[in-house]
Amino acid sequence: MTNGASEDGRPPEPGPARRANTPVETPLDLPLEAEAFYLTHQEMYHAYAQAQLGDRRSAEEAVHMAFVEIIDHWDELLRERNLGRCAWAIVRRTVSEQLERQRRPAAFILNGAVQQALRATRDQFRVMHSSMGLYAAMAELPPRQFDVIVLRYVLGYSTRRIAWFMDLHERTVDHHVRRAKEHLRVCLGLPDGLSKQDAQQAAQQDSQQDEDNGGQRG
157 MTNGASEDGR PPEPGPARRA NTPVETPLDL PLEAEAFYLT HQEMYHAYAQ AQLGDRRSAE
217 EAVHMAFVEI IDHWDELLRE RNLGRCAWAI VRRTVSEQLE RQRRPAAFIL NGAVQQALRA
277 TRDQFRVMHS SMGLYAAMAE LPPRQFDVIV LRYVLGYSTR RIAWFMDLHE RTVDHHVRRA
337 KEHLRVCLGL PDGLSKQDAQ QAAQQDSQQD EDNGGQRG
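Letter by letter, the sequence shown follows residues 157 to 374 of my numbering.
Here's what the structure looks like:
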């Protein structure tokens, strides 16, 4: 992955309006490449952390700890094929560990952000059950499916932007979104809102994704 540009050489599209409390200064004395990586990724990292931890200070602490670990292993990470993917794994693990220490579910579950966002989607995916029921269902999602639901429906990022930050193909992101929503629908006992045509299209896209995964995991 190249820092600051997508696979087609263009920079990622602007995300949702920058939150006023999102830090923009690098917190560490960083090598030039690491500083560039921080500046192009910190907005989403902080947004993801704050959506789960619920306040700016906790989010800043988590992202700072994650970047300390990233910088400690920077040379090793540079040799990895998927720098962005490895860095994201460190961020999400750090946030998860902080939630475990606090012994509480993610803030976006408690404040109803997922329910509100999913109710508003045009595909009529409706979540009518309790917050804790949704949390239990989301807790069973594989990590990437969990993340794309948070990034898409809580933070409002586009497929293209999510793909760039997570170092995935856009088709892979859509694949994870469909699988995650289907899992939540089944767990919560919700009706299937897909038309026959939509279901066939989704099946074709999933089949193509399986073929892609045969050559490259993502």
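Note that CB positions come from ideal geometry on N, CA and C, so glycine has one too. Predicted model, so just to flag it, every value in this text is computed and none were measured.
Exercise for the section: Reducing DSSP to helix, strand and coil, say where residue 296 ends up. Expected result: In the sequence shown, the residue the question calls residue 296 occupies position 140. In this structure, residue 296 counts as coil in the three-state DSSP scheme.
Handout entry: Given residue 207 as reference, the closest of 314, 331, 338, 306 once Cα atoms are compared
Key = Mapped onto the sequence shown, residue 207 falls at position 51. The option with the nearest alpha carbon to residue 207 is 306.
Handout entry: For residue 301 and residue 335, believed in contact at Cβ under 8 Å, the rounded distance
Key = The residue labelled residue 335 in the question sits at position 179 within the sequence shown. The residue labelled residue 301 in the question sits at position 145 within the sequence shown. Their Cβ separation, rounded to whole angstroms, is 6 Å, which keeps residue 335 and residue 301 in contact under 8 Å.
Problem - Cβ contact check for the segment 219-234 and the segment 193-203: 3 or more pairs under 8 Å - result: yes
Practice task
Give the secondary structure of residue 204 by DSSP, where H, G and I count as helix, E and B as strand, and everything else as coil.
Solution key: Taking the sequence shown and counting its residues from 1, the one referred to as residue 204 is at position 48. The answer is helix: DSSP assigns residue 204 an H, G or I state.
Exercise for the section: Below 8 Å CB to CB, which residues in the same chain sit around residue 339 once its five sequence neighbours on both sides are set aside? Expected result: Within the sequence shown, residue 339 is the residue found at index 183, counting from 1. Only 293, 296, 297, 301 meet the Cβ criterion.
Handout entry: Three-way DSSP call (helix, strand, coil) for residue 291 in this model
Key = Taking the sequence shown and counting its residues from 1, one reaches residue 291 at position 135. Residue 291: helix per DSSP, three-state reduction.
Practice task
Please classify residue 188: is it buried, with 16 or more other beta-carbons within 10 angstroms of its beta-carbon, or exposed?
Solution key: Here residue 188 refers to the residue found at position 32 of the sequence shown. The residue is exposed, with fewer than 16 neighbouring Cβ atoms inside 10 Å.
Handout entry: Collapsed DSSP secondary structure at residue 236 in the structure displayed
Key = If you number the sequence shown from 1, residue 236 lands on position 80. Three-state DSSP puts residue 236 in coil, outside helix and strand.
Handout entry: Closest by C-alpha distance to residue 329, when choosing among 348, 299, 346
Key = On the sequence shown, residue 329 is found 173 positions in, with the first residue counted as 1. Here the closest residue by C-alpha is 299.
Exercise for the section: Would you kindly check if the distance between the Cβ of residue 192 and the Cβ of residue 227 is under 8 Å? Expected result: Locating residue 227 in the sequence shown gives position 71, counting from the first residue. Locating residue 192 in the sequence shown gives position 36, counting from the first residue. Here residue 227 is not near residue 192, since their CB atoms are 8 Å or more apart.
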